[in-house]
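Chemist: Here you go, one structure.
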Amino acid sequence: MNMNYFPDEVVEHVFDFITSHKDRNSVSLVCKSWYKIERYSRQRVFIGNCYSITPQRLIARFPGLKSLTLKGKPHFADFNLVPHDWGGFVYPWIKALAKSRIGLEELRLKRMVVSDDSLELLSKSFPNFKSLVLVSCEGFTTDGVAAIAANCRFLRELDLQENEVEDHRGHWLSCFPESCTSLVSLNFACLKGEINLASLERLVARSPNLKSLRLNRVVPLDTLQKLLMRAPQLVDLGIGSYVDDPSSEVFSKLKAVIQLCNSIRSLSGFLEVAPCCMSAIYPICENLTFLNLSYAPGLQGNDLTKLVQHCRKLQRLWILDCIGDKGLGVVASTCKELQELRVFPSDPFDAENAAVTEEGLVLISAGCPKLNSLLYFCHQMTNAALITVAKNCTNFIRFRLCILDPVKADPVTNQPLDEGFGAIVRSNKSLKRLSLSGLLTDQVFLYIGMYAKKLEMLSIAFAGDSNKGMLYVLNGCKKLRKLEIRDCPFGDVALLQDMGKYETMRSLWMSSCEVTLGACKTLAKKMPSLNVEIINESEKLESEQLELSFDDRLLVDKMYLYRTLVGDRKDAPEYVWLL
Amino acid sequence: MSPPLLGVEEEVQSSVSSPSVECISENGMGLKERNYLGLSDCSSVDSSGVSSNLNLATELRLGLPGSQSPERETEFCLLNLGKLDEKPLFPLLPSKDGICSSSQKNVVTGNKRGFSDTMDGFSEVKGYVYTEKSWMFHEAGSDSESPQSVGHGKYPGNSGVNVILSTRSPGVQASVKQDEPANVLQEQPRATNGTSLKQTVISNNTTGAPAAKAQVVGWPPIRPFRTKTLAASSKNNDEVDGKPGPGAVFVKVSMDGAPYLRKVDLRTYSTYQELSSALEKMFSCFTLGQCGSHGTAGKEILSESRLKDLLHGSEYVVTYKDKDGDWMLVGDVPWEMFIETCKRLKIMKSSDAIGLAPRAVEKSKANNKKEFGYGC
Chain A
1 MNMNYFPDEV VEHVFDFITS HKDRNSVSLV CKSWYKIERY SRQRVFIGNC YSITPQRLIA
61 RFPGLKSLTL KGKPHFADFN LVPHDWGGFV YPWIKALAKS RIGLEELRLK RMVVSDDSLE
121 LLSKSFPNFK SLVLVSCEGF TTDGVAAIAA NCRFLRELDL QENEVEDHRG HWLSCFPESC
181 TSLVSLNFAC LKGEINLASL ERLVARSPNL KSLRLNRVVP LDTLQKLLMR APQLVDLGIG
241 SYVDDPSSEV FSKLKAVIQL CNSIRSLSGF LEVAPCCMSA IYPICENLTF LNLSYAPGLQ
301 GNDLTKLVQH CRKLQRLWIL DCIGDKGLGV VASTCKELQE LRVFPSDPFD AENAAVTEEG
361 LVLISAGCPK LNSLLYFCHQ MTNAALITVA KNCTNFIRFR LCILDPVKAD PVTNQPLDEG
421 FGAIVRSNKS LKRLSLSGLL TDQVFLYIGM YAKKLEMLSI AFAGDSNKGM LYVLNGCKKL
481 RKLEIRDCPF GDVALLQDMG KYETMRSLWM SSCEVTLGAC KTLAKKMPSL NVEIINESEK
541 LESEQLELSF DDRLLVDKMY LYRTLVGDRK DAPEYVWLL
Chain B
1 MSPPLLGVEE EVQSSVSSPS VECISENGMG LKERNYLGLS DCSSVDSSGV SSNLNLATEL
61 RLGLPGSQSP ERETEFCLLN LGKLDEKPLF PLLPSKDGIC SSSQKNVVTG NKRGFSDTMD
121 GFSEVKGYVY TEKSWMFHEA GSDSESPQSV GHGKYPGNSG VNVILSTRSP GVQASVKQDE
181 PANVLQEQPR ATNGTSLKQT VISNNTTGAP AAKAQVVGWP PIRPFRTKTL AASSKNNDEV
241 DGKPGPGAVF VKVSMDGAPY LRKVDLRTYS TYQELSSALE KMFSCFTLGQ CGSHGTAGKE
301 ILSESRLKDL LHGSEYVVTY KDKDGDWMLV GDVPWEMFIE TCKRLKIMKS SDAIGLAPRA
361 VEKSKANNKK EFGYGC
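Pasting the structure below:
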C-alpha cells in the first residue's frame, strides 16, 4: 500500500521514529508532500557550518524547531590556525530565534563565539529552555553563565566543555533560584574561579534528577564527599580537586559514601590529585564505562595502571601518555570491552621521554577486539606496527594518529609510513575519520583514494609530494565531507581539477600549501555556491605589499572554502577576503 | 677564542635538542665546558649545519643580558652587541632565579617562521633568554667579541629556517596566546614559511638528520585549553600533592637503578643533613637488595655504615633539577633557596655525574659528616 494514502498525521508519526539527521534529510527529499510533513514535524536540526544557511531561512523551514546544534569555526581553529575574531558569532542566531515564535529548548554550540549578551538574551527569550551545551567556545564570562542560571526556570542541562571563560567570580552558581530543582546535568569543570561551595551543596541537594555532575578544580575533597552524600544516584562524575590526607576523617567518609554510588558509569577530572587517595575510587571502577584521566597529570604511570586494572567494563578511555606502553599493555589485558582510546601527550614538546610508542598501540589492538575509535599521540610509529594493528582491528570508524615529530619516518626502516596507513584503510572499510602524521608520500593518498570509500573527514599535515596526492583523495573518496590540509605541496592543479566536488563536501581547509590567489579567485568565480575565504593576517600592509597582495601569483597562506546557500557572510573581519 | 666558543656551542646545541638545559654549573666559577651526565644530546653535534646555525643565532639573540622582549628585534636584526657591554651584568644567583621563575611561563612555542620575523616584537623564548643568559653572562665577561664574529657569520643563514627552540613547559603556547592574542595573530605562518619549513624538514630528512625539534604553530594538534589546563595542573600538583595546603614542597626523588621513584616534602626538613638522612632511609633497600623483613641488629649496623659509604662516599651523589631545568649538585645554595628552586631530586652514581663528581668527592673528603652542609 502506498504511503501517500495515509493521512499526514500517520506519516508524521512514522517519521517520529526517524531520528538521525541524515535520515530525516533524505526523507525530506522524497517528494513535496514528505518535505512538507517532515519540515513541520522536525524538532532537532544540526547545522555543521553556521555560514551555510541563515537563521531566517532555518526558522522559515522548521517552525517546530526545539533543538539546534551549530558549529562555527573550522576544526583547525582548535590549533591556533584561525584568528579569534574570524567569525562564528552566535548572537545573530539567538536574536533571530528570539524574534520568531520558535520555542527553543536546546542549544548546542561548538567552536563559536558566544557573548554574555547572547547568553542573557537566550536566557530571557525562551521560557521552556532546557539545555545549553557549549564546546570549545569563547567570548563569554561567568556573568553570562549566571544569566542562564538565574533565568532559565526549567533548566535541565548546563554543560560547559573546554571553553575559554573569563571568570568574574560573580557567584554564578548562587544565581540558580531556590525553585530550580530540575537539573539533570551540570558541568562546570572548565571554569577556573571560585564558587560558593555552600550554594553548590544546596543546589545538588534540591536536584533529585541530577545524573551528571562535573566539578572544577576549586571544589575540594570534603565538598565532594558532601555532594556525593546528596547525590548517590549520579551516573557521571567529574572530580575537581582530589587531595587529602588518606588518614583523615573526611577521607574515610568519602570512602564510605563512594561505596554507595554504584550508578556511576563515567568518571573524569582529577584536576588536582593525590595518588595515595586513589584507592577510594576502586570500588566504582568495576562499573565504569568511561574514564577520562587526560586532565590529571598528577597521576603517574603506575597510579594509572593500578586504577585501570579495576576497570574491566571500560568502553572509553582517555588518558595521558605517562601510562606508558606497559600501562597500555595492562589496559589491553583488562579492558576487553574497550571501544575508544585516546592517549594525550603529557608533555607535547618534550621529545626526550618517549612515553608511548608503537608498542603500546600494538598491544591495545591485540587485546581489545572492539576498538573502533582511536586518538593516539606518540613519539614514533612503524609500518610494521600499523600493519599489525590493521590485522587486529578491522572496525575502526575513527583513526587519528599524531606522531609528535610531524615528518618522522619509520625509525626501524627509515621508510615513510605509507604502507602502514595503507594497511589501516584497506582493512577498515567503515573508516569515517582519519588523521595522518609522520613521513608520508603521495603513495598513502593513493591508498586512501582506493580503499577509504566511507571516509568523511581527513586531516593531513606535512605530507605528500605533489598535486597527485590531493587528487587521489578528491577522486577516490566519494563520501568525503571535510578535508583539512596544512603544509603540503598541493597547489592549483589539485585545487581546480574537480571544482564540483566541493559542493558535495562541507568544507575544505588549506594552509601553507601551494595554492595561489589566482586559483582561489577562479574557483570562487566558477562556483557561486561556494564561499572561498582567504585569511591573510599580515598587518604590515605597506604599499608594496598591497600591490603584491593583489598579485594572482601570490601564494595564499590560509584558504577556507565551504558550500553555502546564502552567499558571502557579512561579518568577516578585515583580514578575511571573501572572493 | 675558538675553544671556549665551541664548547659553548656544543652545550647550546644540547640545550636546544633536549628540553632540559643541562649545561652549566652555576657555582660562580665561570664558564665550564662540561658535557653533563651522559647526555646523548651532545652527540647532536652531528646535527646539520642548520641547527648549529640556529643555536648560534639563538645564542646571540640571548646574548644581551637584561634585555626584555621588545629589544629582541634589534638584537636580532643587527646584533648590535655594542649593547652587550652596556647592559648591567646581573648578579648571578638570586635574581637569575627570580627572573627565571617569572619568565618560565612565558616561553613560547610553535611559531613557525623565520628569524627575520622576529621583527614583530613578540616575546618568544623568554625563558631561554634567561637560561642562556646565565652563561652568556660569563662569556660576556671573558670575551665580548666572539659572539659577534660568530653571529655575523651565521645569522643570514638562518633566515630560511623556521625553527624555534623547544621549550620545557607544555601549555606554554597556549598561555602566551591567552596573554597576547593580538600578537599571536600576527605571528601566524605565511605561505612561504610553510613551504620553507617543509623544505627545511625535507632537506633534513634527506641528510638523515630529522628536524625533530622544529616546532610550528598548531603542532602538535592539541587544543590550547588542554595544554593550558595540564600546565596549571602540573604546577599545582607539585605543590599540593599528598598534603593539602600550600606549604608542602613535594619533589620526586629518583635513584639510578631503583625500580620506582619516591617523593619527599622538602619542607619537612630544615637542613641538607636531614634530607640526606631521609634519602638514605628511603633508598637503602635499593642499594642493599632486600631489607626489612630479614633485618637483624647486626645487619642494620652493617647496612648503615655501608650506606653511609655509598651516599657520602664517592659512589653516589645527589643532584637536583632546578626551575630552569638544569641539573645541579645538591648543597651549594642556602637551604631555603634550595627549597624554592628544587623541582626534582636524583641520586646518581658518581661515575655518571661527570663534572659533578670531582667536587662531590672533594667535598666528601673535606667534610665527612656534613656533606650537604652549607657554610655552617
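Keeping their order, the protein sequence lines are chains A and B.
In terms of UniProt numbering, the first sequence is residues 1 to 579.
In terms of UniProt numbering, the second sequence is residues 1 to 376.
Don't be surprised by glycine CBs; every beta carbon is placed ideally from N, CA and C.
Just reading off the alpha helix (DSSP H) that A/N392 is part of, what are its end residues?
Modeler: Taking the first residue of the first sequence as 1, we reach residue 392 of chain A at position 392. Taken as a continuous stretch (DSSP letters only), the alpha helix (DSSP H) holding A/N392 covers 383 to 392.
Chemist: Mind listing the chain A neighbours of B/P224? Cutoff is C-beta to C-beta under 7 angstroms, in chain order.
Modeler: Here residue 224 of chain B refers to the residue found at position 224 when the second sequence is read from its first residue. Within chain A, the residues near B/P224 are N80.
Chemist: Just verifying my parser: in three-state terms, what is the DSSP assignment at A/N292?
Modeler: For the purposes of this step, residue 292 of chain A is identified with residue 292 of the first sequence, where counting begins at 1. A/N292 falls in the strand class under three-state DSSP.
Chemist: Can you list the beta strand (DSSP E) stretches of 3 or more residues lying completely in the segment 226 to 259 of chain A, in chain order?
Modeler: Counting whole runs of 3 or more residues, the segment 226 to 259 of chain A contains the beta strand (DSSP E) stretches 236 to 242.
Chemist: Scan the segment 84 to 133 of chain A and note each continuous beta strand (DSSP E) run of 3 residues or more that stays entirely inside, going in chain order.
Modeler: Runs found: 106 to 110.
Chemist: Can you tell me the Cα-Cα spacing of A/G360 and A/I534, whole angstroms?
Modeler: Numbered from its first residue, the first sequence carries residue 360 of chain A at position 360. Numbered from its first residue, the first sequence carries residue 534 of chain A at position 534. Approximately 41 angstroms between the Cα atoms of the pair.
Chemist: Helix, strand or coil for A/M527, going by three-state DSSP, please let me know.
Modeler: The residue given as residue 527 of chain A occupies position 527 in the first sequence. In this structure, A/M527 counts as coil in the three-state DSSP scheme.
Chemist: For the alpha helix (DSSP H) holding B/T341, just list the boundary residues, first then last.
Modeler: For this step, residue 341 of chain B is matched to residue 341 along the second sequence. That run of the alpha helix (DSSP H) goes 335 to 341.
Chemist: Can you tell me where the alpha helix (DSSP H) holding A/W34 begins and where it ends?
Modeler: One-based indexing of the first sequence puts residue 34 of chain A at position 34. Segment 32 to 41, the alpha helix (DSSP H) holding A/W34.
Chemist: Please work out which residues of its chain come closer than 6 angstroms, Cβ to Cβ, to B/F338, disregarding the five sequence neighbours upstream and downstream, and give them in chain order.
Modeler: Within the second sequence, residue 338 of chain B is the residue found at index 338, counting from 1. Correct list: empty, nothing qualifies.
Chemist: According to DSSP, simplified to helix, strand and coil, what is A/L70?
Modeler: Here residue 70 of chain A corresponds to residue number 70 of the first sequence, with the count starting at 1. Note: A/L70 maps to strand in three-state DSSP.
Chemist: Interface residues of chain A around B/T227 at Cβ under 8 angstroms?
Modeler: Working through the second sequence from its first residue, we reach residue 227 of chain B at position 227. By Cβ distance, chain A contributes P348.
Chemist: What is the rounded straight-line gap between the Cα of A/E368 and the Cα of A/C402?
Modeler: The residue given as residue 368 of chain A occupies position 368 in the first sequence. The residue given as residue 402 of chain A occupies position 402 in the first sequence. Looking at the sequence itself, residue 368 of chain A is Cys, so the reference to Glu does not match. If you take the alpha carbons of A/C368 and A/C402, they lie about 20 angstroms apart.
Chemist: Distance check for B/W219 and A/P348, CA to CA, integer angstroms please.
Modeler: Here residue 348 of chain A refers to the residue found at position 348 when the first sequence is read from its first residue. Here residue 219 of chain B refers to the residue found at position 219 when the second sequence is read from its first residue. When rounded, the distance between both Cα atoms is 9 angstroms.
Chemist: Report the neighbours of A/N302 on chain B: residues whose CB is nearer than 9 angstroms to its CB, in chain order.
Modeler: Locating residue 302 of chain A in the first sequence gives position 302, where the first residue counts as 1. Here the neighbours are Y260.
Chemist: Could you tell me how far apart the beta carbons of A/W172 and A/A149 are, in whole angstroms, since I believe they sit closer than 8 angstroms?
Modeler: Taking the first sequence and counting its residues from 1, the one referred to as residue 172 of chain A is at position 172. Taking the first sequence and counting its residues from 1, the one referred to as residue 149 of chain A is at position 149. That pair is a contact at about 6 angstroms.
Chemist: Quick one: using the 10 Å Cβ neighbour count with 16 as the cut-off for buried, is A/V331 buried or exposed?
Modeler: Indexing the first sequence from 1 puts residue 331 of chain A at position 331. A/V331 should be labelled buried.
Chemist: Have a look at B/P334 and B/R226 and give me their C-alpha separation to the nearest angstrom.
Modeler: Residue numbering aside, residue 334 of chain B sits at position 334 when the second sequence is read from its first letter. Residue numbering aside, residue 226 of chain B sits at position 226 when the second sequence is read from its first letter. Approximately 37 angstroms between the Cα atoms of the pair.
Chemist: When you compare only the Cα positions, how much space is there between A/A77 and A/P83?
Modeler: Within the first sequence, numbered from 1, the residue matching residue 77 of chain A stands at position 77. Within the first sequence, numbered from 1, the residue matching residue 83 of chain A stands at position 83. Each residue's Cα considered, the two are about 7 angstroms apart.
Chemist: Answer yes or no: does any C-beta atom of chain A fall closer than 8 angstroms to that of B/V251?
Modeler: One-based indexing of the second sequence puts residue 251 of chain B at position 251. Chain A contact via Cβ: absent.
Chemist: In whole angstroms, what separates the C-alpha of A/L271 from that of A/C277?
Modeler: Here residue 271 of chain A refers to the residue found at position 271 of the first sequence. Here residue 277 of chain A refers to the residue found at position 277 of the first sequence. Roughly 13 angstroms between the two C-alpha positions.
Chemist: Kindly indicate the opening and closing residues of the beta strand (DSSP E) around B/Y269.
Modeler: In the second sequence, residue 269 of chain B corresponds to position 269, counting from 1. Taken as a continuous stretch (DSSP letters only), B/Y269 belongs to no beta strand (DSSP E), as it is neither H nor E.
Chemist: Is A/Y502 helix, strand or coil when you go by DSSP?
Modeler: For the purposes of this step, residue 502 of chain A is taken as residue 502 along the first sequence, with counting starting at 1. Three-state result, A/Y502: helix.
Chemist: Whose C-beta lies closer than 6 angstroms to the C-beta of A/V141 among residues of the same chain, with five residues either side of it excluded?
Modeler: Translated into positions along the first sequence, residue 141 of chain A becomes position 141. A small fix is needed here, since residue 141 of chain A is Thr in this sequence, not Val. Once the five neighbours on either side are set aside, the close Cβ partners of A/T141 are D116, E166, H168.
Chemist: Using Cβ-Cβ distances below 8 angstroms, what residues of the segment 395 to 412 of chain A are close to chain B?
Modeler: So the close ones are C402, L404, D405, P406, V407, K408, A409.
Chemist: By Cβ distance below 7 angstroms, which residues in the same chain neighbour B/C342 in space, the five residues on each side in sequence not counted?
Modeler: Mapped onto the second sequence, residue 342 of chain B falls at position 342. Hits under 7 angstroms: V251, L266, Y320, D322.
Chemist: Roughly how many angstroms lie between the CA atoms of A/K36 and A/Y5, to the nearest whole one?
Modeler: Residue mapping note: residue 36 of chain A aligns to position 36 of the first sequence, counting from 1. Residue mapping note: residue 5 of chain A aligns to position 5 of the first sequence, counting from 1. Each residue's alpha carbon lies about 15 angstroms from the other.
Chemist: Measure the CB-CB distance between B/L345 and B/V318 and report whether it falls below 8 angstroms.
Modeler: Residue 345 of chain B sits at position 345 when you count from the first residue of the second sequence. Residue 318 of chain B sits at position 318 when you count from the first residue of the second sequence. It is a contact, given that the beta carbons lie within the stated cut-off.
Chemist: Quick one: is B/W219 near chain A, going by C-beta distance under 8 angstroms?
Modeler: By 1-based counting over the second sequence, the position of residue 219 of chain B is 219. Yes, contact with chain A.
Chemist: Please name the residue, chosen from A/L104, A/A98, A/D405, A/I448, that lies closest to A/R44 on a Cα-to-Cα basis.
Modeler: Position 44 of the first sequence, counting from 1, holds the residue named residue 44 of chain A. Nearest option by C-alpha distance: A/L104.
Chemist: Checking 8 angstroms against the spacing of the C-beta atoms, do A/K253 and A/Q225 come in under that value?
Modeler: Along the first sequence, one-based indexing puts residue 253 of chain A at 253. Along the first sequence, one-based indexing puts residue 225 of chain A at 225. The answer is yes: Cβ separation under 8 angstroms.
Chemist: In or out: A/P345 buried (at least 16 other Cβ within 10 Å) or exposed?
Modeler: Here the question's residue 345 of chain A lines up with position 345 in the first sequence. Burial call: buried.
Chemist: Can you list, in chain order, the residues of its chain whose CB lies under 7 angstroms from that of A/C311, leaving out five sequence neighbours each side?
Modeler: In the first sequence, counting from the first residue as 1, residue 311 of chain A sits at position 311. Contacts found: C285, L288, L291, T334, C335.
Chemist: Measure the C-alpha to C-alpha separation of B/S234 and A/G298 and round it to an integer number of angstroms.
Modeler: In the second sequence, counting from the first residue as 1, residue 234 of chain B sits at position 234. In the first sequence, counting from the first residue as 1, residue 298 of chain A sits at position 298. If I take the Cα positions, the gap works out to 6 angstroms.
Chemist: Going by CA-CA distance only, name the one from A/D85, A/F79, A/G72, A/L81 that's closest to A/W93.
Modeler: Your numbering for residue 93 of chain A matches position 93 in the first sequence. Checked all of A/D85, A/F79, A/G72, A/L81; the closest Cα to A/W93 is A/G72.
Chemist: Note down the Cα distance separating A/C378 from A/N80, rounded to an integer number of angstroms.
Modeler: Residue 378 of chain A sits at position 378 when you count from the first residue of the first sequence. Residue 80 of chain A sits at position 80 when you count from the first residue of the first sequence. Approximately 21 angstroms between the Cα atoms of the pair.
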